[in-house]
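Protein chains in written order, with our numbering: chain A, 931 to 1184; chain B, 89 to 339.
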């Protein structure tokens, strides 16, 4: 595994202010905090504004926002310190896997011959189980492998905060469980937001799990499952917590 | 297989042509038989080839100039937002004025030589290239742009590393259209005023009732255009191997 010494976890808070989207008020003074160095999961019915909240954190375009403020506990701005992993792998089809993993330095025009960078990219590819696929083009990879490459690209950025928007939802169950383990191991110690539709995924990976519901959206008291992620999917405690979460989700959808 | 299919179509067309000649008993100065055209082609092959070389050069230079100008315009419009407001009307006007109407003017300004024909070909392909490329540049996958943004990419880096490569398939479509229409520009230019080229040869033969020679020139032009199209198409496929074709099942 590649070791990261640049991570000093800090928590991230967003005061969403008011956010309107298509004439509807998504958020009105919603407060949301990502605990530093921990994984926070966000669930809720479709269209409730989970992805919008994630975009708000990243400073990407959302609808009409008014008075949204993102603050970090260390007083510095979040811009440039958060990495995105989306539902789709977003690999560039004209770059090979290694070049995709190194996309960030390419886009920033980072100087140097990049020998260290390339070595790190190769190590990360090995970490995510893509040893020997560095030169392959993305369209020769399966969905699971593509998402592994996307995870390596996210890790390559080495950001203390990682925001993930349903990163494993397009994968089959076995691949999904494997990638969840991989993500839990590789992202440990970072401040992570995982937006997901899958209660089991949330229980396996989350240290704090919120259900978001209503319009304007509100957050309930977080669920905090015991034990260290990734939790075993067959563990009775995990299944019990999943049942609780499922009940909350059903109520939220009403 | 593809080649065989092309050959079958070609032979079929020639047979059809021969059948029409037989059925209508057309006079050789109205519609010469395929064999007569073939004889004319052989006896004039030297002249045909030298004229064809000139026309091909005009088409290629026009393609080059049109592609460079069109791509530059599209990039300008994508990078500088105000440029779009200024260049768009020029673009539309360049398409609204029939190039046929401009041909005499271009010959007057640029002379009987190659320049006016190259300008015609350039004008005729400028629009498809610019429109296709600009369209591609505007339709970058939003997820890629978000990703680039979170990686702190500047506007120039986004254009160079994301939007341009993503728009290359669209540019390739524009280039295919351009390759198909570029010969029209060059030949019209030759009709309006020239002393060489396949278009000139056709007019010249027509005026002297050498209809078989005219047909020979026409066949040469068609072969040139088709050959050029397939060459460019193959080149573009090689250059963009990551751009998948529609799967045969859907085709």
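Cβ coordinates follow ideal geometry from the N, Cα and C atoms, glycine included.
#### Entry: At least 3 beta-carbon pairs within less than 8 Å: the region 97-108 of chain B vs the region 996-1004 of chain A
no
### Message
So, at 7 Å on beta carbons, what are the nonlocal neighbours of residue 1143 of chain A in its own chain, with the 5 sequence-adjacent residues on each side left out?
### Response
Counting from one through the first chain, the residue named residue 1143 of chain A turns up at place 213. Hits under 7 Å: 974, 975, 978 and 1182.
### Task
Give the straight-line distance between the Cα atoms of residue 117 of chain B and residue 297 of chain B, rounded to the nearest whole angstrom.
Taking the first residue of the second chain as 1, we reach residue 117 of chain B at position 29. Taking the first residue of the second chain as 1, we reach residue 297 of chain B at position 209. Straight-line spacing of the CA atoms in residue 117 of chain B and residue 297 of chain B works out to 6 Å.
### Task
Measure the C-alpha to C-alpha separation of residue 214 of chain B and residue 158 of chain B and round it to an integer number of angstroms.
As a first step, residue 214 of chain B must be located in the second chain, where it is residue number 126. As a first step, residue 158 of chain B must be located in the second chain, where it is residue number 70. Take the alpha-carbon of residue 214 of chain B and the one of residue 158 of chain B: they are about 5 Å apart.
### Query
Are residue 1019 of chain A and residue 1068 of chain A touching if we call contact CB-CB under 9 Å?
Taking the first chain and counting its residues from 1, one reaches residue 1019 of chain A at position 89. Taking the first chain and counting its residues from 1, one reaches residue 1068 of chain A at position 138. Contact: yes.
### Message
If you follow the beta strand (DSSP E) that residue 961 of chain A is in, where does it begin and where does it stop?
### Response
For the purposes of this step, residue 961 of chain A is taken as the residue at position 31 of the first chain. Start and end: 961-964.
### Query
Do you know how far the Cα of residue 1113 of chain A is from the Cα of residue 210 of chain B?
In the second chain, counting from the first residue as 1, residue 210 of chain B sits at position 122. In the first chain, counting from the first residue as 1, residue 1113 of chain A sits at position 183. Looking at the two C-alpha atoms, the distance is approximately 54 Å.
### Task
To the nearest angstrom, report how far apart residue 1130 of chain A and residue 1022 of chain A are at their CA atoms.
Position 200 of the first chain, counted from the first residue, corresponds to residue 1130 of chain A. Position 92 of the first chain, counted from the first residue, corresponds to residue 1022 of chain A. Distance between the alpha carbons of residue 1130 of chain A and residue 1022 of chain A is about 30 Å.
### Task
Please list, in chain order, all residues of the same chain as residue 132 of chain B whose beta carbon is under 7 Å from its beta carbon, the five residues on each side excluded.
Within the second chain, residue 132 of chain B is the residue found at index 44, counting from 1. Around residue 132 of chain B: 301 and 304.
### Task
Give a yes or no on whether 9 Å exceeds the smallest Cβ distance from residue 176 of chain B to chain A.
Translated into the one-based positions of the second chain, residue 176 of chain B becomes position 88. It does not; no Cβ of chain A falls within 9 Å.
#### Entry: residue 232 of chain B, buried or exposed, once every other Cβ within 10 Å from all chains shown has been counted against 16
Position 144 of the second chain, counting from 1, holds the residue named residue 232 of chain B. Classification of residue 232 of chain B: buried, given that the 10 Å Cβ count is 16 or more.
### Task
Would you mind telling me which residues of chain B sit closer than 8 Å to residue 1028 of chain A, beta carbon to beta carbon, in chain order?
One-based indexing of the first chain puts residue 1028 of chain A at position 98. Residues of chain B passing the Cβ test: none, with the nearest at roughly 15 Å.
### Task
Have a look at residue 184 of chain B and residue 139 of chain B and give me their C-alpha separation to the nearest angstrom.
On the second chain, position 96 is the one that residue 184 of chain B refers to. On the second chain, position 51 is the one that residue 139 of chain B refers to. So the alpha carbons of these two residues sit roughly 31 Å apart.
### Query
Along the region 235-267 of chain B, what residues have a CB closer than 7 Å to any CB found in chain A?
235, 236, 237, 238, 239, 240, 241, 245, 249 and 253
### Message
Strictly under 9 Å for the Cβ-Cβ distance: is residue 1132 of chain A near chain B by that measure?
### Response
Taking the first residue of the first chain as 1, we reach residue 1132 of chain A at position 202. Chain B contact via Cβ: absent.
### Task
Closer than 7 Å by beta-carbon distance: list the chain B residues that pair up with residue 1036 of chain A, in chain order.
On the first chain, position 106 is the one that residue 1036 of chain A refers to. 249, listed in chain order.
### Of the listed residues B:228, B:204, B:198 and B:259, nearest to residue 216 of chain B (C-alpha basis)
Position 128 of the second chain, counted from the start, is the residue given in the question as residue 216 of chain B. The shortest Cα separation from residue 216 of chain B among B:228, B:204, B:198 and B:259 belongs to B:259.
### Task
List the whole-angstrom C-beta distance separating residue 1107 of chain A from residue 969 of chain A, where the pair is believed to meet the contact cut-off of C-beta under 8 Å.
Translated into positions along the first chain, residue 1107 of chain A becomes position 177. Translated into positions along the first chain, residue 969 of chain A becomes position 39. Actually they are not in contact, since the Cβ atoms of residue 1107 of chain A and residue 969 of chain A sit about 16 Å apart, beyond 8 Å.
### Query
Within 9 Å (strictly less), CB to CB, does residue 163 of chain B reach chain C?
This model lacks chain C altogether; the protein chains it does include are A and B.
### Task
Using the DSSP secondary-structure output, state which residues sit across from residue 1012 of chain A in a beta bridge.
The residue labelled residue 1012 of chain A in the question sits at position 82 within the first chain. According to DSSP, which records beta bridges pairwise, residue 1012 of chain A is partnered with A:1091.
#### Entry: Amino acids of chain A, ordered along the chain, whose beta-carbon sits closer than 7 Å to that of residue 231 of chain B
Within the second chain, residue 231 of chain B is the residue found at index 143, counting from 1. Chain-ordered, the chain A residues with CB closer than 7 Å to the CB of residue 231 of chain B read 1016, 1018 and 1020.
### Message
Let me check understanding here. Comparing Cα to Cα, which of B:310, B:318, B:308 and B:281 lies closest to residue 263 of chain B?
### Response
Here the question's residue 263 of chain B lines up with position 175 in the second chain. For the set B:310, B:318, B:308 and B:281, the Cα lying nearest the Cα of residue 263 of chain B is the one of B:318.
### Query
Is there at least one Cβ from chain B nearer than 9 Å to residue 1006 of chain A's Cβ?
If you number the first chain from 1, residue 1006 of chain A lands on position 76. No, residue 1006 of chain A lies away from the interface with chain B (no Cβ there is under 9 Å from its Cβ).
### Message
Buried or exposed, going by whether 16 or more other CB atoms sit within 10 Å of the CB of residue 310 of chain B?
### Response
Locating residue 310 of chain B in the second chain gives position 222, where the first residue counts as 1. Answer is exposed; the Cβ neighbour count stays below 16.
### Residue(s) in a DSSP beta bridge with residue 1139 of chain A
As a working mapping, residue 1139 of chain A is identified with position 209 in the first chain. Per DSSP, A:971 and A:1153.
### Query
Just the Cα atoms here: how many angstroms apart are residue 992 of chain A and residue 984 of chain A?
Mapped onto the first chain, residue 992 of chain A falls at position 62. Mapped onto the first chain, residue 984 of chain A falls at position 54. Residue 992 of chain A and residue 984 of chain A have their C-alpha atoms roughly 10 Å apart.
### Query
In or out: residue 1091 of chain A buried (at least 16 other Cβ within 10 Å) or exposed?
Sequence index remark: in the first chain, residue 1091 of chain A carries index 161 (1-based). Buried, since its Cβ has 16 or more Cβ neighbours within 10 Å.
### Message
Please state the DSSP three-state secondary structure of residue 948 of chain A.
### Response
On the first chain, position 18 is the one that residue 948 of chain A refers to. The answer is strand: DSSP assigns residue 948 of chain A an E or B state.
### Task
Apply the 10 Å Cβ neighbour rule to residue 90 of chain B and answer buried if 16 or more other Cβ atoms are within range, or exposed otherwise.
For the purposes of this step, residue 90 of chain B is taken as the residue at position 2 of the second chain. Exposed, since its Cβ has fewer than 16 Cβ neighbours within 10 Å.
### Task
My understanding is that residue 961 of chain A touches residue 947 of chain A, with C-beta atoms under 8 Å, so please give their C-beta distance in whole angstroms.
In the first chain, the residue the question calls residue 961 of chain A occupies position 31. In the first chain, the residue the question calls residue 947 of chain A occupies position 17. The pair is not a contact, with the Cβ atoms about 10 Å apart (cut-off 8 Å).
### Message
I'd like the list of long-range same chain contacts for residue 1170 of chain A, defined as Cβ closer than 7 Å, with 5 residues on each side in sequence excluded.
### Response
If you number the first chain from 1, residue 1170 of chain A lands on position 240. Correct list: empty, nothing qualifies.
### Query
How long is the line joining the alpha carbons of residue 134 of chain B and residue 143 of chain B, rounded to whole angstroms?
Reading the second chain from its first residue, position 46 is the one you call residue 134 of chain B. Reading the second chain from its first residue, position 55 is the one you call residue 143 of chain B. Those two C-alpha atoms are separated by around 14 Å.
### Proximity test, residue 253 of chain B beta-carbon vs the ligand FMN heavy atom, cut-off 8 Å
Absent from the structure shown: the ligand FMN. Ligands present: none.
#### Entry: Cβ neighbour criterion (16 or more within 10 Å) applied to residue 294 of chain B
Residue 294 of chain B sits at position 206 when you count from the first residue of the second chain. Residue 294 of chain B is exposed by the Cβ-count criterion.
### Query
Closest by CA to residue 261 of chain B, which one among B:164, B:218 and B:188?
The residue labelled residue 261 of chain B in the question sits at position 173 within the second chain. Of the listed residues, the one whose Cα sits closest to residue 261 of chain B is B:218.
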